[in-house]
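Participant: Numbering of the sequence shown is given in the working numbering, commencing with residue 1 and proceeding in unit increments. My questions will all concern the structure given below.
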Amino acid sequence: MKIWLTEIGECYPFQVGSSPIRTGHLASALNARGHDIVWWGANFYHHKKEFLFDKYTEIQVNPHYQIRLLEGLGYQRNVSFRRYCHHKIVARNFQIQASKEINRPDIIVSSLPNYELNYEAVRLGQAWNIPVIIDVMDLWPDDFLNHLPKALRGLARLTLSYDFYTTRRSLRMADGIVSVSDGFLDWALAYANREIEDRDHTYYIGFSKKELSEDYQPRPEFERTINKLAGKMVFAFIGSFGQSYDLELVVAVAKKLIDQGREDIQFVLAGTGEKFDKISRESTRNLTLTGWLNEDEMTHLLSVSHVGLVPCWHMQGAVTTKPMQYLARGLPLLSSLRGEMEAIIDDNEIGLSYPPGDISSFYAAILRFADDSMMREKYSMNALKIFREKFDADTIYPAYIDHIEKVVKMGRR
């Protein structure tokens, strides 16, 4: 089959040192099963906030796998008017490029958060009489409102009324809905105004556990960072320094631990983003910032860490890729995720949860992990077990592909 994927926020397989997230895993697995893949992405790389190319570009990964990078505006802040415009421009360029296509796909799998791109995908599906699945990875545009003071949310919802309409219309027109969590699927079905059907399913993002490359040689600066962690209780964070993560809380607790004389505890924050400079200025001797890491460096860091941090804001019901990356290495979680992921953590004893922004609870959890080695070892064993059972990408994506093939056979709703 010929399958189109639309997703503009992930890294691409031609980027050296990159790690697949959702669409990357799906594209590779579909290609391995013998399907012809076209991944519609963007020429702007979200994680590093930089352009990969200065115009529309096509990359041939192999004879049956092509990536098409649509022109966008680019942006520096995750929550910004410029990013809003970027999404609209990319969606418009998708419509222009796709309308020229002679070899039409058998199905389109379109990733949300870009609801503008979802809308263009379902319109094509309707015009070409092919099914479209929307894969819900974020609750946009609802999440826009979470970054605003409550007093402004009503006005913002009114201002974004067309965006909410577009999301609702896209989900109602979709022939199937897939999601990264049950909570996200419930949200999408509410927008679609229907009950769950055989066409709908939850598939966790998952993570593909890999060992260090045989030719891996750490950069001297990174190697010095790793060496300084010897004998420390290491709490690691790998991710974007964006508004979704409460890294200021980590800084505050790091300072408090210094005041209390706890020199045995070390925080390591890996990644880049709009808050990197701010966090760097406030950094203390027990808080290390590594900057961006490639896949081998992330693996190396987690191999010397003891707990994985998930300090999120406003992620009700999310089951993100971050916990899976930690669990794959046997790291217990210290998480502020609410809803489904919180229940998974508690039910399976794979970590501790705390209310978002609650410095006292976060501080107490840090000390509990540091001082209770038996609990930490138990949670570590449970982490490896739950990863194998629920979050291993090598199991998740074959099942996801079975679902896509089933929807193609079922046709449009």
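The C-beta atom is built at its ideal place from N, Cα and C for all residues, glycine as well.
Entirely within the segment 56-107 and at least 4 residues each: give me those alpha helix (DSSP H) ranges in chain order.
Facilitator: 81-98
Participant: Could you tell me the alpha carbon to alpha carbon distance between T320 and E263, rounded to whole angstroms?
Facilitator: 31 Å
Participant: Taking the Cβ atom as the reference point for each residue, do F387 and L327 lie within a distance shorter than 8 Å?
Facilitator: With respect to the 8 Å criterion, F387 and L327 are classified as neighbours on the basis of their beta carbons.
Participant: State the DSSP-derived secondary structure class of S28, mapped to helix, strand or coil.
Facilitator: helix
Participant: Could you give the uninterrupted runs of the alpha helix (DSSP H) lying entirely in the segment 297-339, keeping only those of 4 residues or more?
Facilitator: 321-327
Participant: For a quick check, are the C-beta atoms of L301 and A236 less than 8 Å apart?
Facilitator: Yes, the pair counts as a contact, with Cβ atoms nearer than the cut-off.
Participant: Give me the Cα-Cα distance between P63 and S110, rounded to the nearest whole angstrom.
Facilitator: 22 Å
Participant: Would you mind listing the beta strand (DSSP E) stretches within the segment 1-26 that are 3+ residues and don't spill past its ends, in chain order?
Facilitator: 2-6
Participant: Please state whether the Cβ-Cβ distance between G72 and I133 is less than 8 Å.
Facilitator: no
Participant: Nearest to S18 by alpha carbon, out of L384, S161, N294 and L212?
Facilitator: N294
Participant: Using only alpha-carbon positions, find the residue among E50, V38 and S213 that is nearest to I59.
Facilitator: V38
Participant: If you compare alpha carbons, which of P141, A318, D215 and I108 is closest to D182?
Facilitator: Closest option to D182, judged by alpha-carbon separation, among P141, A318, D215 and I108: A318.
Participant: Whose CA, out of K378, W292, K2 and E7, lies closest to the CA of N31?
Facilitator: Taking each of K378, W292, K2 and E7 in turn and checking the Cα distance to N31, the smallest one comes out for K2.
Participant: Using a threshold of 8 Å, state whether the C-beta atoms of S380 and G330 are closer than that.
Facilitator: yes
Participant: Is I359 closer than 8 Å to A252 when the C-beta atoms are compared?
Facilitator: yes
Participant: Do the CB positions of Y56 and L69 come within less than 8 Å of each other?
Facilitator: Taking 8 Å as the Cβ cut-off, Y56 and L69 qualify as a contacting pair.
Participant: Could you name the residues of the same chain whose beta carbon sits closer than 7 Å to that of A383, not counting the 5 residues immediately before and after it, in chain order?
Facilitator: L327, G330, L331, P332 and I350
Participant: Between which residues of its own chain and E297 is the CB-CB distance below 7 Å, once the five residues before and five after are set aside?
Facilitator: The residues are P218 and F222.
Participant: Run the CB neighbour count on F81, radius 10 Å, all protein chains shown included, and call it buried at 16 or more, exposed below.
Facilitator: Under this definition F81 is an exposed residue.
Participant: Please list the segments of the alpha helix (DSSP H) lying wholly inside the segment 146-181, counting only runs of 4 or more residues, in order along the chain.
Facilitator: Listed in chain order, the alpha helix (DSSP H) runs fully inside the segment 146-181 are 150-159 and 161-173, counting runs of at least 4 residues.
Participant: DSSP three-state label for D54, please.
Facilitator: Looking at D54 - three-state DSSP - the assignment turns out to be coil, as it is neither helix nor strand.
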